[in-house]
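Enquirer: Anchor point for the sequence shown: position 63 equals 264 in our numbering, and the numbering is continuous, going up by one each time.
The beta carbon of each residue, even a glycine, is placed where N, CA and C say it ideally should be.
Predicted model only: the values in this text are computed from it and were never measured.
Sharing a structure with you now.
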Amino acid sequence: MSDFRNALTLPSASTIGPFIPQPMYKPHTTSDRRRYVDEVELDRPIYFWMENPTECGISLSDALHSRVRRLVDREQLVFEGRGPSVSIRLEWPGYRQWSRQIPTKDFRTPPGPITKAKLAKNVAKCVQRFINERHNQGLLEDESDSRWRVCRSDSGDNLIKLEDLILVSMHHVSMGSWQPQLRLARPLAL
């Protein structure tokens, strides 16, 4: 699959927004692709299903503020048997590749794997940081589609804010890297 747009079909496409069109992350060199993708067994995607009503994806704003009561399997442990952290990678259209580390362990004694709810919160923090860092930057290329520009929540711009984003799933894209599949909660502005 070349990008995440085809990974999941959601009903009623006219009432929800499109997926953020991110190409899947790939290491830059052939040897790194072989070592970190081709020669390792990548985990299955992690999906974020909500109930009452049933829908795929959790609002990043809800995840950030721990409003996870509707998240199915919110206490399910993720990243069991993994190292202390993983990289979260974004390939946002019009911006440079971006990544940040998140912990895979909680702060209990002894440390254990984080839950699906905590993963959603950590991803929301990453996306918020990406938006805050990119807020005042122009798009990388002049021909980039300006409808994908991001801005902070306190901005009055009609650009993409954290509150506009839904975390649908996480994809294991290389040995230590995961990439979120995100969509807009609203149709894309024309």
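Tell me which residues share the same chain as aspartate 358 and place their Cβ nearer than 7 Å to its Cβ, disregarding the 5 neighbours each side in the sequence.
Expert: Walking along the sequence shown from the start, residue 358 turns up at place 157. Around aspartate 358: Cys352.
Enquirer: To the nearest angstrom, how far is the alpha carbon of leucine 363 from that of glutamate 292?
Expert: The sequence position of residue 363 within the sequence shown is 162, counting from 1. The sequence position of residue 292 within the sequence shown is 91, counting from 1. Their backbone Cα atoms lie some 16 Å apart in a straight line.
Enquirer: I believe glycine 258 touches valine 369 by the beta-carbon criterion, under 8 Å. Please report the beta-carbon distance rounded to the nearest angstrom.
Expert: In the sequence shown, counting from the first residue as 1, residue 258 sits at position 57. In the sequence shown, counting from the first residue as 1, residue 369 sits at position 168. Indeed they touch by this definition, with Cβ atoms about 4 Å apart.
Enquirer: So for threonine 231, helix, strand or coil by DSSP?
Expert: Within the sequence shown, residue 231 is the residue found at index 30, counting from 1. DSSP places threonine 231 in helix when its eight states are reduced to three.
Enquirer: Taking 8 Å as the threshold, find out whether the segment 288-303 comes into contact with the segment 270-279 through three or more Cβ pairs.
Expert: no
Enquirer: In the DSSP assignment, the beta strand (DSSP E) including serine 375 goes from what residue to what residue?
Expert: Taking the sequence shown and counting its residues from 1, one reaches residue 375 at position 174. Taken as a continuous stretch (DSSP letters only), the beta strand (DSSP E) holding serine 375 covers 366-375.
Enquirer: Helix, strand or coil, according to DSSP, for isoleucine 329 in the structure here?
Expert: The residue you call residue 329 lines up with position 128 of the sequence shown. The residue asked about is misnamed: residue 329 is glutamine in this sequence, not isoleucine. Residue state, collapsed to three classes: helix.
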